[in-house]
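Asks:
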Amino acid sequence: MRSFALTTSFAVMFAAAGPAAAQEVAAPAAASARTPAPASVPAPDLEGIAAPPTAAGTTGLKVTPGLELFAQYAVRWTATEPGQRAWFHLFEVPRVHGAITGEFGPAVGRVVIEGVRSASEGALIGVAGDSIVLRLREAWAGVRYSSWFVFSAGVVPTLTVPELEGTWRLRVVGPAPIEQTGMLSPADLGATARVNLPRKYGFVAVGAYNGEGYTNRELNRGKNIEIAASVHPAPGGAARPLAIFGSYVVGSSGTGLSRADRLTGSVLWQGIRVRAGASVTHAWGLADDGARRSLLVDGFVRLEPVDRLIFGVRGAYWNRDLGGAGDTVATVTGSIGYRVVQPLEGHVAVTRQAPGEVARAALPGSDFWELRLASRVVF
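In terms of this note's numbering, the sequence shown is numbered consecutively and its last residue is 768.
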């Protein structure tokens, strides 16, 4: 009932403007150039009067609403003692996003409200307790100059996670391991600037953030700097989907200004029928331990051999501490899905996670099999 009420509230919120097509990852940097607003739209006439106390909705700008929702049923078998497993199953709504994007000439802004279970320090709307509450996933204002430059500030999408997740395009099956392990966040409070290279050769971008992600407040006065670039070596030929992506994050975390640097290199194939990637991330500092080094290797394939039928495979190997032995976690997920209509698809996914001895003791419940029936609707 809670998830139904939450979904209904989003539907009522956006019904006045009508649905619009949405992408799996909608980031300001990925948006194309917009046609300037018609010159016939006049500025508000405020001569002799005070401006409205809140100016929202007074400029005649174009507004595009959106909605994305995941719902799933999951069964998990977790190793408890050697040779013994306990099982648990539940219905859940792992993701609800309600979005509004506005644009007027070169000006653009976007707000994304995210529904999550249980309040925490990152919940901007809601009350404490084990319930579904709302918080801001995105809330930024920006400017787009022609088709080659975009600047945005506020709660903005970061650069690395959206690129990997947007290539995967199966977020309903599972998040990118780089996000799931807590190495990087998909959004943060800060600002980004992106320059698109000519002839679709790719982009270069830079971002500055608080560094604690969009779910937590800043705990120190240091700021994270992220530099990223994506290069398409042959944008005009059959190898157009091929991309070489790299990023480096210089940052800190926690009250002790612990080092939190990340170096990521990826080879991606961003095709229509086939989407795939291989990525390696080296982390200096993890979980407020600035001396720990960690390594994450991630690979995935998404296939749509015929219209509507979708296959996905993703595997990750995470060495949590390069200075020790046995502190590893290996995860493999396979899925098969079907797109009923363009906004609606369903998936069956099986996940196996196998930790090493040290990781098993440090992460209770990390040794498991899981079967999920997941659905996604997006407008």
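Every residue, glycine too, gets a C-beta built ideally from N, C-alpha and C. Since the structure is predicted, the reported quantities are computational estimates derived from the model, not experimental observations.
Indicate whether V562 and S724 have their beta-carbon atoms separated by less than 8 Å.
Replies: Against the sequence shown, residue 562 aligns to sequence position 173. Against the sequence shown, residue 724 aligns to sequence position 335. Contact: yes.
Asks: Just how far apart, CA to CA, sit V721 and E759?
Replies: Numbered from its first residue, the sequence shown carries residue 721 at position 332. Numbered from its first residue, the sequence shown carries residue 759 at position 370. Approximately 11 Å, taken between the alpha carbons.
Asks: Would you call Y598 buried or exposed, if buried means 16 or more other Cβ atoms sit within 10 Å of its Cβ?
Replies: Mapped onto the sequence shown, residue 598 falls at position 209. Y598 comes out buried.
Asks: Going by the beta-carbon positions, is the gap between L685 and A705 smaller than 8 Å?
Replies: Looking up residue 685 in the sequence shown gives position 296. Looking up residue 705 in the sequence shown gives position 316. Yes, the Cβ-Cβ distance between L685 and A705 is below 8 Å.
Asks: Confirm, please, whether the CB-CB distance from A632 to L657 is below 8 Å.
Replies: Counting from 1 along the sequence shown, the entry for residue 657 is found at position 268. Counting from 1 along the sequence shown, the entry for residue 632 is found at position 243. In this structure, L657 lies near A632, with their beta-carbon atoms less than 8 Å apart.
Asks: Quick one: using the 10 Å Cβ neighbour count with 16 as the cut-off for buried, is S583 buried or exposed?
Replies: Position 194 of the sequence shown, counted from the first residue, corresponds to residue 583. Going by the sequence as given, residue 583 is Arg instead of Ser. Classification of R583: buried, given that the 10 Å Cβ count is 16 or more.
Asks: Using only the alpha-carbon positions, how far apart do G600 and A445 sit?
Replies: Residue numbering aside, residue 600 sits at position 211 when the sequence shown is read from its first letter. Residue numbering aside, residue 445 sits at position 56 when the sequence shown is read from its first letter. Answer to the nearest angstrom: the Cα atoms are 29 Å apart.
Asks: From G735 to G726, what distance separates their C-alpha atoms?
Replies: Within the sequence shown, residue 735 is the residue found at index 346, counting from 1. Within the sequence shown, residue 726 is the residue found at index 337, counting from 1. Their Cα atoms are separated by approximately 5 Å.
Asks: Per DSSP, what kind of secondary structure is T549 in: helix, strand or coil?
Replies: If you number the sequence shown from 1, residue 549 lands on position 160. Looking at T549 - three-state DSSP - the assignment turns out to be helix.
Asks: First and last residue of the beta strand (DSSP E) that includes R741?
Replies: The sequence position of residue 741 within the sequence shown is 352, counting from 1. First-last of the beta strand (DSSP E) with R741: 733-744.
Asks: Tell me, please, which residues DSSP counts as bridged to R651.
Replies: Position 262 of the sequence shown, counted from the start, is the residue given in the question as residue 651. Per DSSP, V638, A672.
Asks: As a quick exercise: from K451, I489, L525, W673, pick the residue whose alpha carbon is nearest that of V505.
Replies: Along the sequence shown, read from residue 1 onward, the residue named residue 505 stands at position 116. For V505, the nearest C-alpha among the options comes from L525.
Asks: Output needed for A618: all residues of its chain with C-beta closer than 8 Å, excluding positions within five of it in sequence on either side, in chain order.
Replies: Taking the sequence shown and counting its residues from 1, the one referred to as residue 618 is at position 229. Excluding residues within five positions, the ones whose Cβ falls inside 8 Å are G591, F592, V593, A594, F634, G635, S636.
Asks: Going by the DSSP bridge assignment, what does L762 pair with across the sheet?
Replies: Along the sequence shown, one-based indexing puts residue 762 at 373. Its beta-bridge partners are Y462, V737.
Asks: Can you list, in chain order, the residues of its chain whose CB lies under 6 Å from that of A468, leaving out five sequence neighbours each side?
Replies: Sequence index remark: in the sequence shown, residue 468 carries index 79 (1-based). Here the set comprises R474, D756.
Asks: Please report the straight-line C-alpha distance between N613 and L573, rounded to a whole angstrom.
Replies: One-based indexing of the sequence shown puts residue 613 at position 224. One-based indexing of the sequence shown puts residue 573 at position 184. Taking the straight line joining both Cα atoms gives about 11 Å.
Asks: For a quick check, are the C-beta atoms of R484 and L458 less than 8 Å apart?
Replies: Against the sequence shown, residue 484 aligns to sequence position 95. Against the sequence shown, residue 458 aligns to sequence position 69. Result yes, Cβ atoms of R484 and L458 sit closer than 8 Å.
Asks: Nearest to G625 by alpha carbon, out of A665, I616, P587, G611?
Replies: Start at 1 with the first residue of the sequence shown, and residue 625 comes out as number 236. Per the Cα distances, P587.
Asks: According to DSSP, is A381 part of a helix, a strand, or is it coil?
Replies: In this structure the chain extends from 390 to 768, so residue 381 is not present and cannot be described.
Asks: Going by beta-carbon coordinates alone, are L559 and N609 separated by less than 8 Å?
Replies: For the purposes of this step, residue 559 is taken as residue 170 along the sequence shown, with counting starting at 1. For the purposes of this step, residue 609 is taken as residue 220 along the sequence shown, with counting starting at 1. It is not a contact, given that the beta carbons lie outside the stated cut-off.
Asks: Looking at the secondary structure, which residues open and close the alpha helix (DSSP H) in which P566 lies?
Replies: Reading the sequence shown from its first residue, position 177 is the one you call residue 566. It spans 566-569 - the alpha helix (DSSP H) in which P566 sits, taken as one unbroken run.
Asks: Would the segment 684-699 count as touching the segment 657-666 if we require 3 or more Cβ pairs under 8 Å?
Replies: yes
Asks: Quick check on DSSP: helix, strand or coil for R606?
Replies: Within the sequence shown, numbered from 1, the residue matching residue 606 stands at position 217. Of the three classes helix, strand and coil, the one that applies to R606 here is coil, per DSSP.
Asks: Give the range of the beta strand (DSSP E) segment to which V729 is assigned.
Replies: One-based indexing of the sequence shown puts residue 729 at position 340. 717-730 is the span of the beta strand (DSSP E), which, as asked, contains V729.
Asks: Out of A528, E554, D710, E481, which one is the CA nearest neighbour of I489?
Replies: To locate residue 489, count along the sequence shown from 1; it is residue 100. It is A528.
Asks: Can you give the Cα-Cα distance for T581 and V501, rounded to whole angstroms?
Replies: One-based indexing of the sequence shown puts residue 581 at position 192. One-based indexing of the sequence shown puts residue 501 at position 112. The straight-line gap from Cα to Cα measures roughly 17 Å.
Asks: Assign K589 to one of three DSSP states: helix, strand, or coil.
Replies: Here residue 589 is taken as the residue at index 200 of the sequence shown, counted from 1. Assigned with DSSP and collapsed to three states, K589 falls in helix.
Asks: Going by DSSP in three states, E693 sits in which element: helix, strand or coil?
Replies: Within the sequence shown, the letter at position 304 stands for residue 693. Correct three-state label for E693: coil.
Asks: What distance in whole Å lies between the Cβ atoms of E492 and L456, which are believed to be in contact at a cut-off of 8 Å?
Replies: The residue given as residue 456 occupies position 67 in the sequence shown. The residue given as residue 492 occupies position 103 in the sequence shown. At roughly 19 Å, the Cβ-Cβ gap does not stay under 8 Å, so L456 and E492 are not in contact.
Asks: If you draw a straight line from the alpha carbon of P732 to that of G487, how long is it in whole angstroms?
Replies: The count along the sequence shown starts at 1 and reaches residue 732 at position 343. The count along the sequence shown starts at 1 and reaches residue 487 at position 98. Within the model, the alpha-carbon separation for P732 versus G487 is close to 15 Å.
Asks: Are the CB atoms of P566 and P370 within a distance shorter than 8 Å?
Replies: Within the shown structure, residues of the chain are numbered from 390 to 768, placing residue 370 beyond reach of any answer.
Asks: Spatial neighbours of R423 within its chain, please: C-beta separation below 6 Å, excluding the five flanking residues on both sides.
Replies: For the purposes of this step, residue 423 is identified with residue 34 of the sequence shown, where counting begins at 1. Note on R423: pLDDT 44, under 50, position unreliable in the model; the coordinate value appears next. So the list reads E492, once near-sequence residues are dropped.
Asks: Report back the beta-carbon spacing between L762 and V737 to the nearest angstrom; my notes put them in contact at under 8 Å.
Replies: Start at 1 with the first residue of the sequence shown, and residue 762 comes out as number 373. Start at 1 with the first residue of the sequence shown, and residue 737 comes out as number 348. Their Cβ separation, rounded to whole angstroms, is 6 Å, which keeps L762 and V737 in contact under 8 Å.
Asks: Where does S641 land, buried or exposed, given buried means 16+ other C-beta within 10 angstroms?
Replies: Along the sequence shown, one-based indexing puts residue 641 at 252. So S641 ends up on the buried side.
Asks: Assuming D716 and G674 are in contact, meaning their beta carbons sit under 8 Å apart, how far apart are those beta carbons, in whole angstroms?
Replies: The count along the sequence shown starts at 1 and reaches residue 716 at position 327. The count along the sequence shown starts at 1 and reaches residue 674 at position 285. 15 Å between Cβ atoms; not a contact.
Asks: Determine the DSSP secondary structure at V767, reduced to helix, strand or coil.
Replies: For the purposes of this step, residue 767 is taken as residue 378 along the sequence shown, with counting starting at 1. In this structure, DSSP gives V767 an extended state, which the three-state scheme calls strand.
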